[in-house]
Amino acid sequence: MAPQGRYLHIEPMPGGRALIDFNRAYNPFCEFNEKYTCPYAPEENRLEIAIRAGEKRFR
Numbered sequence: 000m001a002p003q004g005r006y007l008h009i010e011p012m013p014g015g016r017a018l019i020d021f022n023r024a025y026n027p028f029c030e031f032n033e034k035y036t037c038p039y040a041p042e043e044n045r046l047e048i049a050i051r052a053g054e055k056r057f058r
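If you count the sequence shown from 1, position 48 lands on 47 in numbering that gives the first Met the number 0, and the numbers rise without skipping.
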């Protein structure tokens with residue numbers, strides 16, 4: 000099975016800040032078709048803080 004996760008583009012903003020909108024997260028192609036492969040995210044792409052957010056069920 001492919002690595003689980005969702006992808007997200009981060010929009011840079013002035014002043015070195017970034018806008019992160021988890022509502023725009025999407026599933027990679029490998030979730031829908033075995034012909035695609037999904038790499039595991041490298042360690043430096045993982046957040047060390049808890050994200051206190053709601054949960055959206057994917058159907």
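Built from N, CA and C at the ideal position, the CB exists for glycine as well.
C-beta contact flag for residue i and residue j at 8 angstroms
i, j, result
"Leu7", "Arg23", "yes"
"Phe21", "Ala52", "yes"
Residue i to residue j span [Cα, whole Å]
i, j, result
"Met12", "Lys34", "36 angstroms"
"Arg5", "Glu30", "10 angstroms"
"Asn44", "Ile50", "14 angstroms"
"Pro41", "Gly15", "23 angstroms"
Residues that DSSP places opposite residue i in a beta bridge
i, result
"Glu10", "Leu18"
"Tyr25", "Tyr6"
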